[in-house]
Ligand code: FES
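Protein chains in written order, with the working numbering: chain A, 521 to 654; chain B, 377 to 765.
Below you can see the structure in the form of structure tokens.
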């Protein structure tokens with residue numbers, strides 16, 4: 521059912537766990553089957569310095585989280601915002617059609633984590649500082 | 377790597393004795409049982425013998441066995457066949473909410489063509505309440521269909537009681553005994569049923585063959601029309617080799633019933649005990665006593681079923697789950713829903729069904745691997761690790 525890349529990421533998921541001093545956290549619950557994926561991000565100099573995830577989901581969800589974090593790490597915030605579920609599924613070498621929605625979890629949770637970070641008060645003051653300086 | 381097959385409620389491997397008999401037949405016996413000549417008579421002799429063997433498994437008479445293409449067709453024939461034959465008497469059918477899809481969907485199909493179907497609820501163990509059944513019966517009720525034992529949680533229903541109630545009200549009673557036959561004693565006379573479904577591949581016979589027991593005198597309208605085989609109840613040239621394999625499997629199942637019952641029950645209890653001792657936050661699903669001897673069903677909090685199945689499979693262990701993610705429809709198990717299990721625990725459900733090819737060393741192996749699998753999946757589950765940031 522799953523290809524080798526997916527199985528590898530399921531068996532040895534990259535970046536699982538939590539970032540205790542995360543800059544932002546995003547959690548998405550899946551309407552299709554009821555699963556959850558949570559993403560932690562650590563932002564440094566407008567870049568994703570670290571990305572970690574946890575999931576309560578199927579094999580495709582575990583692998584998607586692993587691939588998403590791998591792709592997102594090191595990206596700028598703007599680049600990370602562009603990351604789509606298609607990118608994740610593609611990097612995994614494809615997912616079975618009924619499992620494509622699981623890769624949505626990963627990308628959506630990442631975007632939510634970024635939003636969370638952007639909405640934080642310290643971040644807002646940081647932003648206004650940049651704007652004021654600019 | 378060790379291979380441990382724990383999905384015997386899904387299907388079973390062919391018994392070696394069944395296999396060799398089928399091979400022999402495939403090579404030498406090709407006649408059509410309906411033909412007059414020696415080739416046909418030879419095939420007929422074999423089919424007749426199989427019919428007797430299947431009848432013996434459930435203490436029926438050979439003439440009461442209708443061979444079909446499997447359990448699904450037998451369920452369809454029982455429900456659609458009775459509905460069509462008794463349409464003038466009434467249009468109400470009663471079944472339970474934990475039936476196999478073959479029964480549920482046959483009933484739903486009838487509901488589209490003017491029938492009224494009652495789906496009885498079950499309690500937390502999966503048992504249908506006889507009082508609820510009594511209350512559901514009306515003057516238009518023509519058929520009650522309640523499974524003998526459930527395929528997911530192994531709960532054994534009090535069929536004798538249900539069939540007595542049905543008889544009192546002049547309603548026909550059908551039971552799907554696909555999971556029960558060959559595992560626990562099934563006797564159509566003590567059960568008091570009018571129709572009973574059997575499947576070959578659940579009892580170490582080949583796939584693609586099953587049977588419907590139809591008590592003498594019960595009228596059915598066929599679902600498949602043609603040359604009038606199987607006493608006009610199911611047309612089509614007999615699947616001779618399959619039927620003979622089924623017959624042999626039934627004979628062996630009857631022969632070894634007691635010993636296999638005791639053996640698998642012991643293994644089952646060892647597995648249940650071991651899981652309770654080794655893994656925290658588990659929920660035992662199904663009935664503690666009224667349970668098939670080979671069924672184990674647990675829910676593990678915070679983990680998802682498909683991930684569990686994949687992880688176990690990588691270690692050579694084959695099991696199944698009621699999780700939405702592990703089904704092609706992405707719908708959670710209707711049985712676990714009916715017993716009131718919350719969504720999260722349906723997700724974390726794991727069914728292990730034992731059989732002939734399992735031994736105590738298999739159970740030890742599972743008890744070594746399963747805790748590791750659960751611990752690993754929990755280590756990165758957002759449900760087990762509350763948000764602290
Ligand atoms: S997370 Fe449920 S199907 Fe993938």
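Where a beta carbon is used, it is the ideal one built from N, C-alpha and C, also for glycine.
Values in this document were obtained by computation on a predicted structure and should not be read as measured data.
Item                                                                                                                           : Value
Coil, strand or helix - residue 385 (chain B) by DSSP                                                                          : coil
At least 3 beta-carbon pairs within less than 8 Å: the region 512 to 520 of chain B vs the region 543 to 554 of chain B        : yes
Burial state of residue 539 (chain A), where buried means 16 or more other Cβ atoms lie within 10 Å                            : buried
Residue 700 (chain B): contacting residues in chain A (beta-carbon distance under 7 Å)                                         : 553 and 554
Three-state secondary structure (DSSP) of residue 741 (chain B)                                                                : helix
Residue 622 (chain B) and residue 581 (chain B) closer than 9 Å at C-beta                                                      : yes
Separation of residue 674 (chain B) from residue 660 (chain B), as counted between CA atoms                                    : 5 Å
Closer than 9 Å to chain B by CB, residue 641 (chain A)                                                                        : no
Where residue 439 (chain B) falls: helix, strand or coil (DSSP)                                                                : helix
Segment limits, beta strand (DSSP E) that includes residue 633 (chain A)                                                       : Unbroken run through residue 633 (chain A) is the alpha helix (DSSP H), 620 to 639; no beta strand (DSSP E).
Within-9 Å CB hit, residue 376 (chain B) to chain A                                                                            : No answer is possible for residue 376 (chain B): it lies beyond the span of chain B, which begins at 377 and ends at 765.
Buried versus exposed call for residue 544 (chain A) [16 or more other C-beta atoms within 10 Å across all chains shown]       : buried
Cβ-heavy atom distance, residue 636 (chain B) to the ligand FES, below 8 Å                                                     : no
Residues within the region 671 to 698 of chain B neighbouring chain A, beta-carbon criterion of under 9 Å                      : 678, 679, 680, 681, 682, 683, 685, 686, 687 and 690
C-beta neighbour in chain B for residue 589 (chain A), strict 9 Å                                                              : no
Interface residues of chain B facing residue 558 (chain A) [CB-CB closer than 9 Å]                                             : 758, 761 and 763
Alpha-carbon to alpha-carbon, residue 558 (chain A) and residue 763 (chain B)                                                  : 9 Å
N-terminal and C-terminal residue of the alpha helix (DSSP H) that residue 468 (chain B) is part of                            : Careful: residue 468 (chain B) lies outside any alpha helix (DSSP H), inside the beta strand (DSSP E) at 468 to 472.
Own chain, CB closer than 6 Å to residue 633 (chain A), minus 5 neighbours either side, in chain order                         : 544, 545, 546, 559 and 561
Any non-hydrogen atom of the ligand FES within 8 Å of residue 523 (chain A) CB                                                 : no
Within-9 Å CB hit, residue 723 (chain B) to chain A                                                                            : yes
Residue 602 (chain A) versus residue 525 (chain B): straight-line alpha-carbon distance, rounded                               : 52 Å
Residue 529 (chain B) to residue 577 (chain A) span [Cα, whole Å]                                                              : 23 Å
Start-to-end residues for the beta strand (DSSP E) that takes in residue 614 (chain B)                                         : No beta strand (DSSP E) contains residue 614 (chain B), which DSSP labels as neither H nor E.
beta-carbon residue 483 (chain B) near the ligand FES non-hydrogen atom, thresh 8 Å                                            : no
Assigned secondary structure, residue 632 (chain B) (DSSP; H/G/I helix, E/B strand, else coil)                                 : coil
Beta-carbon proximity of residue 589 (chain B) to residue 441 (chain B), cut-off 9 Å                                           : yes
Inter-residue spacing [alpha-carbon to alpha-carbon] between residue 396 (chain B) and residue 665 (chain B)                   : 37 Å
Supposed close pair residue 506 (chain B), residue 714 (chain B) - CB separation, criterion 8 Å                                : Not a contact, Cβ separation roughly 17 Å.
Contacts that residue 719 (chain B) makes with chain A (C-beta to C-beta distance below 8 Å)                                   : 554
Interface flag, residue 755 (chain B) vs chain A, CB-CB below 9 Å                                                              : yes
Other residues of its chain near residue 503 (chain B): CB distance less than 8 Å, five sequence neighbours each side excluded : 531, 533, 534, 663 and 666
heavy atom of the ligand FES below 8 Å from residue 550 (chain A) C-beta                                                       : yes
Neighbour-count burial assignment, residue 575 (chain A), 16 or more Cβ in a 10 Å radius                                       : buried
Beta-bridge pairing of residue 696 (chain B) - partner residues as DSSP gives them                                             : B:727
Chain B contact for residue 531 (chain A) (CB, 9 Å cutoff)                                                                     : yes
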